[in-house]
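Worksheet for the structure shown next.
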Amino acid sequence: MKDAHPWVKDVWHLCEEAKALTLGAFDPWAVSGGFDPSGYVKGWAADRALELIPDISHVQINAGGDISLRGGNAPGEPWRIGIRHPDDATQIAEVVEIYDGAIATSGTYERGAHIIDPSNGLPALEARSATVVAPDSGVADALATALVVAGRHGAHWFVEHPTWSAWVVDRHGDQTWAIGPQFLRDRLES
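Residues are numbered in the numbering used here as their position in the sequence shown, beginning at 1, plus a constant of 176.
Put into structure tokens, the structure is as follows:
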């Protein structure tokens, strides 16, 4: 690692932090071949791209579905991001309103059981889909991936982070649960 590009070192370190935070539910070292940061790096890349355009007030960077946002859609108007229903690509299951921050979704509905549970090396089965809103897209990406592995067992990760929110469809696709202000606010207002 000492000769690696600074960005590689950064991603490596941030993946270590995400692994520790999720108690190993996010673990890019649990794959055959050594290190696969794809559950973090798309979000990280979206954040880096956003940093390259500091003078644009209202911007959205989408890196393969991991989205970094700044400034709302227009002054006083939030971005409205639809979360696809995991069993029906034509349906929006939830809508998130956000001005600044990030949103990332992981799931098994498009690519099948491609997310591996690091504890046993088998496909993750606790959730069909997990969407996370956080200030940082890399963190949102890693947490969404980890929630597919951990399901409800990952809810405690959000307790000490009031700016994080999650919306999860369970493994059967028939129940959802949410934690955090982004998703609970809508339920309290209705």
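Glycine included, C-beta positions come from ideal geometry on N, C-alpha and C.
For clarity, every value in this text was computed on a predicted model and none was experimentally measured.
Residue 307 and residue 282 have their C-alpha atoms spaced approximately 7 Å apart.
Per DSSP, the unbroken alpha helix (DSSP H) holding residue 189 starts and ends at 182 to 197. Taking residue 302 as the centre and dropping the five residues before and after it, the same chain places the C-beta of 324, 325, 326, 327, 347 closer than 7 Å to its C-beta, in chain order. If you draw a straight line from the Cα of residue 184 to the Cα of residue 207, it comes to about 18 Å. Per DSSP, the beta-bridge partners of residue 273 are 256.
The beta carbon of residue 200 sits closer than 6 Å to those of 294, all from its chain and outside the five residues before and after it, given in chain order. A direct Cα-Cα distance of roughly 15 Å separates residue 229 from residue 239. Scanning its chain for C-beta atoms nearer than 8 Å, with the 5 sequence neighbours on each side dropped, one finds around residue 333 the residues 197, 198, 319, 322, 340, in chain order. Taking C-beta separations shorter than 6 Å and ignoring five residues to either side along the sequence, the partners of residue 217 in its chain run 187, following chain order.
Taken through DSSP and simplified to helix, strand or coil, residue 333 comes out as helix.
Under DSSP, residue 236 shares a beta bridge with 245.
Just measuring C-alpha positions, the residue of 273, 317, 354 sitting nearest residue 329 is 354.
If the five residues before and after residue 221 are omitted, its C-beta is found closer than 6 Å to the C-beta atoms of 239, all from its own chain and listed in chain order. Counting every other CB atom within 10 Å of its CB across the protein chains shown gives residue 335 a total below 16, marking it as exposed. Sequence-distant Cβ neighbours of residue 268 in its own chain, meaning closer than 6 Å and more than five residues away, are 258.
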